[in-house]
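For reference, the structure discussed in these notes is given below.
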Amino acid sequence: ADSECGNMALFHLVDICLVQKPDVIVGPVCDYASAPVARLASYWKIPMVSAGALASGFAHKKPEYSHLTRVSPAYSKMGEMFLAMFRRYRWKRVALVFEDDLQERNCYFTVGGVDHAFKQDDIPIYSTVISEDMDEVEIGHKVEELKENVRIVIMCASSQNIRKVMLEAHRQGMTKGDYVFFNIELFNSSTFGNGSWKQGDAFDSVAKQAYRSLQTVTLLRTAKQKFYKFAADMKNRSRQQLNYKDDNVNMFVEGFHDAVLLYTKALQEVLNQGYSKTDGERIVHQMWNTTFEGIAGQVSIDANGDRYGDYSVIGMTDPEAGTHEVIADYYGMNGSFEVRPSVRRLWASGVPPSDESCCGFPKDHASTCKSCGIGESAVTGIVVGSLLGCALLLAFYLFRKKYRITIERRVQLLEADTGKHHHLREDSVRSNLSTA
Numbered sequence: 001a002d003s004e005c006g007n008m009a010l011f012h013l014v015d016i017c018l019v020q021k022p023d024v025i026v027g028p029v030c031d032y033a034s035a036p037v038a039r040l041a042s043y044w045k046i047p048m049v050s051a052g053a054l055a056s057g058f059a060h061k062k063p064e065y066s067h068l069t070r071v072s073p074a075y076s077k078m079g080e081m082f083l084a085m086f087r088r089y090r091w092k093r094v095a096l097v098f099e100d101d102l103q104e105r106n107c108y109f110t111v112g113g114v115d116h117a118f119k120q121d122d123i124p125i126y127s128t129v130i131s132e133d134m135d136e137v138e139i140g141h142k143v144e145e146l147k148e149n150v151r152i153v154i155m156c157a158s159s160q161n162i163r164k165v166m167l168e169a170h171r172q173g174m175t176k177g178d179y180v181f182f183n184i185e186l187f188n189s190s191t192f193g194n195g196s197w198k199q200g201d202a203f204d205s206v207a208k209q210a211y212r213s214l215q216t217v218t219l220l221r222t223a224k225q226k227f228y229k230f231a232a233d234m235k236n237r238s239r240q241q242l243n244y245k246d247d248n249v250n251m252f253v254e255g256f257h258d259a260v261l262l263y264t265k266a267l268q269e270v271l272n273q274g275y276s277k278t279d280g281e282r283i284v285h286q287m288w289n290t291t292f293e294g295i296a297g298q299v300s301i302d303a304n305g306d307r308y309g310d311y312s313v314i315g316m317t318d319p320e321a322g323t324h325e326v327i328a329d330y331y332g333m334n335g336s337f338e339v340r341p342s343v344r345r346l347w348a349s350g351v352p353p354s355d356e357s358c359c360g361f362p363k364d365h366a367s368t369c370k371s372c373g374i375g376e377s378a379v380t381g382i383v384v385g386s387l388l389g390c391a392l393l394l395a396f397y398l399f400r401k402k403y404r405i406t407i408e409r410r411v412q413l414l415e416a417d418t419g420k421h422h423h424l425r426e427d428s429v430r431s432n433l434s435t436a
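Position one of the sequence shown corresponds to residue 1 (full-length UniProt numbering), numbered consecutively onward.
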């Protein structure tokens with residue numbers, strides 16, 4: 001049943017339980033719908049397996065969500081991936097740019113998970129909200145604020161808004177390699193920003209240049225033939241039965257497939273141990289801290305009942321053609337961020353951008369830098385000018401010292417000569433007096 005991202009999921013569950021108590025609850029996806037259902041499932045000790053419920057709050061299993069198992073990576077798992085990347089490149093500050101539809105609020109909860117992870121390292125965060133109805137001037141102001149505050153930008157928004165930001169960033173000279181933008185592709189679905197620069201309009205050529213500084217983070221891309229067949233079947237059924245457009249099979253479809261596999265595996269193991277299918281708590285813990293083969297690859301559930309997050313980073317590797325490929329992968333179980341050895345172009349300028357020259361967050365933080373508000377050429381001029389000024393002062397000091405020594409010597413010689421003349425005069429006077 002459709003939860004409508006509200007209380008309808010809870011009402012449907014109560015209606016079902018009035019007839020017969022279920023052995024397991026699969027779903028719902030929406031965070032707002034999942035919360036009351038998960039609370040009731042925990043109270044009734046019914047296993048709940050969901051491909052959703054991805055907000056950070058669901059990680060606190062006791063007491064409200066004690067029977068919840070999440071088979072899709074929570075938003076905080078993506079935050080762990082970004083944290084591993086920041087540690088690798090020694091980045092110390094970040095901007096989070098996101099849409100907030102005030103309904104399902106997927107991007108809001110996504111950046112919340114990233115924010116939660118960054119707090120481990122006390123990374124300062126500058127955040128701002130964008131929306132579909134913003135014009136070029138408003139987007140321009142947003143991008144200008146980013147330029148003044150950070151070098152590393154993480155975005156969660158629709159593909160259209162991602163493109164608007166990147167075009168404006170290009171206009172402001174932020175796509176030459178000094179800045180890097182990350183686009184979160186939610187749910188492996190093209191509904192959100194998918195890194196595609198080509199829209200068939202007059203800005204395609206500019207967008208292609210701008211997207212050299214954009215990298216897209218998505219769930220780990222699989223190469224399993226079994227998954228490709230599954231994805232093709234699901235697309236056909238979606239078009240025929242639900243009249244959906246031809247889109248990627250998102251992680252929720254994968255998740256529900258894997259949820260059934262996980263529950264079936266745990267149930268069989270519990271039954272083999274001589275327990276009942278109604279022993280919900282035992283079945284729940286049988287699903288935790290385990291690994292199995294899902295439709296798209298290996299699925300690992302941690303000791304808290306949450307799936308480890310494996311992600312891929314996609315970047316433009318051929319600037320002339322504007323083509324993208326996977327350039328790095330993150331494996332959540334061991335926390336490793338690995339650049340693919342075959343990748344020749346990882347960053348727009350050839351080296352990872354540094355955020356050391358940024359001026360911090362003047363509105364929210366006390367960090368400052370001497371070059372705040374001025375360009376690199378101006379900073380260079382100031383440094384060179386300071387060095388020249390110091391050299392001139394040093395030369396003046398040395399000249400003055402040498403001149404003072406010379407004057408002192410002349411004075412000493414003059415005093416010596418004066419003394420001699422004085423003695424000569426006295427001797428002459430004495431001689432004259434003696435003669436007289």
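Glycine included, each C-beta is placed from N, C-alpha and C at the ideal position.
Check                                                                                                                                         : Outcome
Output yes or no for whether 7 Å exceeds the beta carbon distance between Glu281 and Lys62.                                                   : no
Going by alpha carbons, who is nearest to His257 out of Ala231, Asn236, Leu393, Ala9?                                                         : Ala231
Quick check: what's the CA-CA separation for Glu99 versus Ala51?                                                                              : 22 Å
Taking the CB atoms as reference points, tell me whether Leu214 and Asn183 lie closer together than 7 Å.                                      : yes
Going by Cα to Cα distance, which pick from Ile139, Gln103, Ile130, Val94 is closest to Asp121?                                               : Val94
I'd like to know whether the C-beta atoms of Gln110 and Tyr75 end up nearer to each other than 7 Å.                                           : Correcting the residue identity first, residue 110 is Thr in this sequence and not Gln. Yes; because the gap between Cβ atoms is below 7 Å, this pair is in contact.
Under 7 Å between the Cβ atoms of Val217 and Tyr311?                                                                                          : yes
Assuming the contact rule is C-beta atoms closer than 8 Å, Val299 and Arg307 should be a hit. Round their C-beta distance to whole Å, please. : 6 Å
Counting only runs of 3+ residues fully inside the region 147-228, write out the beta strand (DSSP E) ranges in chain order.                  : 152-156, 180-184, 214-219
Look at the Cβ atom of Met48, then the Cβ atom of Ala55, and state whether they are nearer than 7 Å.                                          : no
For Asp355, name the three-state secondary structure that DSSP assigns.                                                                       : coil
Using the C-alpha atoms, what's the distance from Gly177 back to Val97?                                                                       : 19 Å
Using alpha carbons as the reference points, say which of Gly274, Gln199, Asn334 lies closest to Ile301.                                      : Asn334
Per DSSP, what kind of secondary structure is Met48 in: helix, strand or coil?                                                                : strand
Pick from Gln286, Met251, His60: whose alpha carbon is nearest that of Tyr263?                                                                : Gln286
So if DSSP puts Gln298 in a beta bridge, which residue, or which two residues, is it bridged to?                                              : Glu293
Taking DSSP as the reference, what is the three-state secondary structure of Ser312?                                                          : strand
For His141, does the count of other Cβ atoms within 10 angstroms reach 16, so buried, or fall short, so exposed?                              : exposed
According to the neighbour-count rule (16 or more other Cβ atoms, all chains shown, within 10 Å of its Cβ), is Phe11 buried or exposed?       : exposed
Give me the Cα-Cα distance between Ser34 and Arg344, rounded to the nearest whole angstrom.                                                   : 43 Å
Which residues share a DSSP beta bridge with Ala328?                                                                                          : Val313, Val339
Can you give the Cα-Cα distance for Ala366 and Pro124, rounded to whole angstroms?                                                            : Here the model assigns Ala366 a pLDDT of 41, short of 50, so the residue's position is not dependable and the matter cannot be decided.
Taking the alpha-carbon of Ile152 as reference, which of Ser158, Gln160, Ser159, Val143 has the nearest alpha-carbon?                         : Val143
State the Cα-Cα distance for the pair Pro28 and Arg340, rounded to the nearest angstrom.                                                      : 36 Å
Return yes when the Cβ of Ala117 is within less than 7 Å of the Cβ of Gly79, no when it is not.                                               : yes
Helix, strand or coil for Leu83? Go by DSSP, reduced to three states.                                                                         : helix
Would you be able to state if there are at least three C-beta pairs under 8 Å between the region 65-72 and the region 322-331?                : no
So, does the CB of Pro36 fall closer than 7 Å to a CB anywhere in chain C?                                                                    : No chain C appears in this structure, which consists of one protein chain only.
Let me know the secondary structure DSSP gives Thr435 once reduced to three states.                                                           : Residue placement at Thr435 is poorly supported in this model, since its pLDDT is 47, which falls under 50; the coordinates still yield a value, given next. It is helical.
Can you tell me whether Tyr89 is helix, strand or coil according to DSSP?                                                                     : helix
What residues are listed by DSSP as bridge partners for Tyr126?                                                                               : Ala95
Leu18 to Ala9, Cα distance in whole Å?                                                                                                        : 14 Å
Within 10 angstroms of the Cβ of Lys119, are there 16 or more other Cβ atoms? Answer buried if so, exposed if not.                            : exposed
Would you mind working out which of His170, Ala296, Ser336, Asn304 sits nearest Thr290, comparing C-alpha positions?                          : Asn304
Tell me Ile25's beta-bridge partners as DSSP assigns them.                                                                                    : Met48
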